[in-house]
Amino acid sequence: MEAAATDDEVKWALAIQRAAQEDPDINAEMLTDLECLQHAFVAKSDVDKALTRMKRLQRFKEKYGIKLNGSYEEGVRAFRTAKQRCEGFGLSLAALRNETHVCCSNYASFMAREVRSDEYYAVVMRGEFYFLQAMFPTIAAMRAGAIFLSDGKGYGLLNYSFKLEERMAQLFSHAYPMRVEKMVMMNANWLMIVLQVALNAFMSKKMREVRCLARDRDVYLAQHRPQYPPTVLPVEWGGTLPLEAYEETVVRNLQQRYQLEESFRLPKNSSSSSSSSTTETVD
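Oh and the sequence shown: position 169 is 169 in full-length UniProt numbering, straight run, nothing missing.
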């Protein structure tokens, strides 16, 4: 039995859901109860903030052919297809004890200059959406947030695509409802510094605050060892997670996420008990 949403979180989600149903620019049929709750974790009582993000996410889904809030089967296909296009980019995904999920990636493995078609962009963006879904498979994970650690060693002009970086920045910062605790680029070189400055224009104030650069990966991880134990790091970074565990974790998390999508229901009114109506269960 997993933790339930609190009374305040349910109240915020219900207010967001009601406002979304009344907004002519939002297709309420595209929204699940769980998505409304996920928006509530980010916007809290700021309904307008949630609606703005909802509209952006809805446009993203429509553009890339994602129905409702996606599905497990489509998610696995989209993730695996994107993984084949970006082989070596994703290294590991694991959760800390508080359910904060830590994603580790090799930024220099992605040859962005090989991206030539809109279809390629669509594959990558759909895969990224479903990867984010896998980072938040439980209510506790949505509440805790996410950490992104990337290794930029060897990153150069062949890896750089401003068009793709801009789209990713919009998804991460303005469309997908998530709490980002930290986004760290390690082994950062001069190009990384220039890129971060350029992307600031597309990032929210909060996202700019959590982004940082670290010159040396090993030094950074050693300095933050209590925060990033070996159990959430890939083997090549001195952790315990083998590369083959990456896809297994994403697929398992997607299954858990979409089981929750189907079972989670907000109460009919704000006076309903959250302990009975919003509890998530896992097998």
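Using N, Cα and C, we set each Cβ at its ideal position, and we do this for glycine too.
List the residues that DSSP assigns as beta-bridge partners of residue i.
i      : result
Val194 : Val194 is not bridged to any residue.
Ala214 : Met186
Leu31  : Partner(s): none; Leu31 has no beta bridge.
Pro230 : Answer by DSSP bridge pairing: none, since Pro230 is not bridged.
Leu241 : Pro234
Val180 : Ala146
Less than 8 Å between the C-beta atoms of residue i and residue j, yes or no?
i      : j      : result
Leu213 : Ile193 : yes
Ala94  : Leu195 : no
Thr100 : Ile139 : no
Ala20  : Leu31  : yes
Gly127 : Val180 : no
Met178 : Val42  : yes
Ala78  : Tyr130 : yes
Leu91  : Cys104 : yes
Val47  : Val232 : no
Gln255 : Tyr72  : yes
Ala169 : Met203 : yes
Glu261 : Asn98  : no
Phe60  : Cys86  : no
Within the same chain, show all residues whose beta-carbon is closer than 7 Å to that of residue i, passing over the 5 residues directly before and after it, in chain order.
i      : result
Ser272 : With a pLDDT of only 45 at Ser272, under 50, the local geometry of the prediction cannot be trusted, and the value read off the model is given with reservation. Nothing listed; no residue qualifies.
Asp23  : Leu51
Asn106 : Gly88, Phe89, Leu91 and Asp151
Pro226 : none
Arg56  : His174 and Ala175
What does a CB cutoff of less than 6 Å around residue i pick up in its chain, not counting 5 residues either side in sequence?
i           : result
residue 287 : The chain is shown only over 1 to 283; residue 287 falls outside these bounds and no answer can be derived.
Arg211      : Met183
Ser277      : Unreliable placement is indicated for Ser277, whose pLDDT of 43 sits below 50; no coordinate value is reported for it.
Gln17       : Cys36
Glu29       : none
Asp283      : Residue placement at Asp283 is flagged as unreliable, the pLDDT there being 35, under the threshold of 50; the coordinate-derived value follows with that caveat. Contacts found: none.
Val251      : Val76
Arg143      : Phe41
Asp216      : none
Along the chain, where does the alpha helix (DSSP H) containing residue i start, and where does it finish?
i           : result
residue 295 : The shown model of the chain, from 1 to 283, leaves out residue 295, and the question about it has no answer.
Lys163      : Phe162 to Gln170
Excluding the 5 residues preceding and the 5 following residue i in the sequence, name in chain order all residues of the same chain whose CB lies nearer than 8 Å to its CB.
i           : result
Ala13       : Ala5, Asp33, Cys36, Leu37, His39, Ala40 and Leu266
Val235      : Leu241, Pro242 and Leu243
Gln58       : Ile26, Asn27 and Met30
Arg208      : Asn200
residue 290 : There is no way to answer for residue 290, as the model of the chain reaches only from 1 to 283.
Ala108      : Asp151, Gly152, Lys153, Gly154, Tyr155, Gly156 and Asn159
Quick one: does residue i have its CB under 8 Å from some CB of chain C?
i      : result
Pro242 : Given the protein chain composition of this structure (a single chain), no chain C is represented.
Next item on the list: Could you pull out every unbroken alpha helix (DSSP H) segment of at least 4 residues lying fully inside the region 110-160, listed in chain order?
Entry: 118-135 and 139-144
Next item on the list: Enumerate, from N- to C-terminal direction, the unbroken alpha helix (DSSP H) stretches of 4 or more residues contained entirely within the region 57-121.
Entry: 72-85
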